[in-house]
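**Student:** In our numbering, the protein residues as written are 6 to 80.
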Amino acid sequence: MNLYEYQKMKEVNELIENNIEELNIIRNRIKRSLNDLKRSQFSKKTEQLERLLHDNDIKIMTLILLQEKVKKIMH
Numbered sequence: 006m007n008l009y010e011y012q013k014m015k016e017v018n019e020l021i022e023n024n025i026e027e028l029n030i031i032r033n034r035i036k037r038s039l040n041d042l043k044r045s046q047f048s049k050k051t052e053q054l055e056r057l058l059h060d061n062d063i064k065i066m067t068l069i070l071l072q073e074k075v076k077k078i079m080h
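1. Measure from the alpha carbon of L58 to the alpha carbon of each residue in L71, V75, I30, then state which is nearest.
2. Count Cβ pairs between the segment 51-65 and the segment 34-42 that sit closer than 8 Å; are there 3 or more?
3. Can you round the beta-carbon distance between Q72 and E27 to whole angstroms, since I take them to be within the 8 Å contact cut?
4. Output the boundary residues of the alpha helix (DSSP H) element that contains M79.
5. Is N7 helix, strand or coil by DSSP?
6. Compute the Euclidean distance between the alpha carbons of L65 and I25, then round it to the nearest angstrom.
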C-alpha cells in the first residue's frame, strides 16, 4: 500500500469513527426519550423509538465491523 492509499484509508477510518460517535449520541438521546415515554405510557411512540434504537444499533455494529476491516488493511 502506498502513502496515498494509506492516507485515504486513514480518512475512511476517521469518517467511520465520527459516524460511530454521532450514532452513539443519537442512541443515547433515543434511550432517554424511551425512558421518558415509558413513564408516560405512550406505547405507539415507544414502539417507534425502540425500532429506531434497534436500527441505530445495527448501524453502529456495521460501522465497527467496517472499521475493523479498514484497520486490518492499513496494518
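Note that the Cβ used here is the ideal one computed from N, Cα and C, for glycine as well. Quick caveat, the model's predicted, so the values are computed rather than measured.
**Tutor:** Well, looking at it:
1. I30
2. yes
3. Actually they do not touch by this definition, with Cβ atoms about 14 Å apart.
4. 48-79
5. coil
6. Note on identity: in this sequence residue 65 is Ile, with Leu being the wrong assignment. Their Cα atoms are separated by approximately 6 Å.
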